[in-house]
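Take the sequence shown: its position 142, counted from the start at 1, is 582 in my numbering, and no numbers get skipped. C-beta: ideal position from N, C-alpha, C; glycine also. Owing to the predicted nature of the structure, the values given are computational and were not obtained by experimental measurement.
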Amino acid sequence: MAEFQPRELDELEDALELLEDLDELESLELSPALTGRLSEYQDVLALCREAFPQEEPSETALLDVLAEAREVSRPSLGVEEGAVGEGPWRRFWERWRGTLLPAAALAGTAAAVLWMLEPQRESTDDLLTEDAAKLADADADADADGVEERPASKAEERSAEPASSAVEPIGESEGAAGSKGEDAGASEAAAASEDDASSGAATLDSDSDDGGDEKVEAKANERRPSTKSKAVAELPAEPAPTPLSKNEAWDLLTEADRARLSGRCTRANELYKRVISASAISQAVAQAKAGVGLCLEQQDRDAEAQTWYDEARADNPAVQAWIDTQRDEQPLPSKSGKSRSKKSAAPDLEDAL
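Right, dumping it as structure tokens:
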């Protein structure tokens with residue numbers, strides 16, 4: 441059709457409407473190209489008529505179609521003869537299946553979603569238990585260090601006693617050498633040298649004994665569990681937290697945000713973790729996890745903060761916008777504050793010099 445102009449296309453369209461009634465195409469006074477195209481269309485139409493001859497439907501064709509439709513639709517409209525007990529059930533199913541099937545599908549989808557999200561809550565509980573275990577280990581190490589330092593001070597006191605006793609014979613030998621003559625002084629000097637050698641050997645023996653005592657006491661302290669670790673092991677299991685209502689959860693989050701923005705991250709973390717363990721609102725739990733991450737970011741613990749951010753985004757992807765807003769409002773990390781204080785202290789030291 442690209443070789444025809446718009447005017448010729450209009451003429452061709454008009455001629456197609458009269459194609460079956462035309463005997464001679466030259467009577468239309470068309471261009472040779474249009475006449476040839478119309479002759480091709482006439483040949484195609486003639487071949488179609490030969491392959492698909494036209495038939496006139498009978499007068500009873502419509503009645504036959506209607507009767508067949510009634511026969512096919514009759515079993516679905518009522519109860520077949522002989523099926524006495526199926527009538528009410530079929531009517532109930534036909535009426536309510538459009539409501540029951542979508543409701544069952546919705547309930548199954550909700551159960552599947554809850555089952556898929558449950559492992560993420562377990563990973564959050566694992567993080568909380570790991571933090572508590574780290575704190576308990578740090579306290580136990582501090583107690584063990586204090587116990588090891590006390591026996592060392594006693595050993596130092598005992599090692600100082602032989603040294604003082606070894607000095608006294610030297611002073612006495614010098615006094616005796618001054619009261620006698622030169623010959624007696626030489627003999628006393630020799631005796632003093634022997635005393636020095638014996639006192640040095642005694643000092644070495646006492647030091648080795650003290651070192652052995654220290655090792656024995658250190659091993660005993662390592663075998664002996666600290667009282668605080670025993671107390672931690674004997675503590676009863678904490679009861680399950682009381683579930684928070686919607687208003688209580690958001691009130692705790694508001695209080696925790698105020699504490700975090702004022703720099704009191706210890707108090708903020710307590711409130712955030714209470715919301716995480718006791719709230720059933722996914723949005724509140726996600727914001728609490730993000731708050732813990734922001735507190736860790738204030739303490740320059742970026743790796744742990746990123747773990748909490750990932751947990752929060754898994755619960756609610758929209759929490760990222762809240763994280764960006766709060767990150768601009770909260771105090772800077774402690775590391776940058778220390779570097780700033782060092783820079784400000786440098787000019788003061790230069791002025792003092």
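By the Cβ-count criterion, L546 is exposed, with fewer than 16 other Cβ atoms from all chains shown falling within 10 Å of its own Cβ. Taking 3 residues as the minimum length, the segment 693-735 contains no beta strand (DSSP E) run wholly inside it. Here P771 carries a coil assignment [DSSP, helix/strand/coil].
The continuous alpha helix (DSSP H) containing A473 extends over residues 472-491. Here V512 is exposed, its C-beta having fewer than 16 other C-beta atoms within 10 Å. Scanning its chain for C-beta atoms nearer than 6 Å, with the 5 sequence neighbours on each side dropped, one finds around D755 the residues S722, V725, A726, in chain order. Counting other Cβ atoms within 10 Å of its Cβ, D504 stays below 16 and is therefore classed as exposed.
Straight across, the Cα-Cα distance linking E451 with R535 is about 58 Å. Contact check between the segment 697-705 and the segment 731-738: three or more CB pairs, one atom from each, fall below 8 Å, which counts as touching. DSSP, reduced to helix, strand and coil, places R741 outside both helices and strands of the structure shown, so it counts as coil. Considering only V759, R489, P773, the residue with the shortest C-alpha distance to D742 is P773.
Judged by DSSP secondary structure, L456 falls within the alpha helix (DSSP H) whose first and last residues are 446-457. The three-state reading of DSSP puts L465 in helix, counting H, G and I together. By alpha-carbon distance to K686, the top candidate from A720, R477, V484 is A720. The three-state reading of DSSP puts E495 in coil, since its state is none of H, G, I, E or B.
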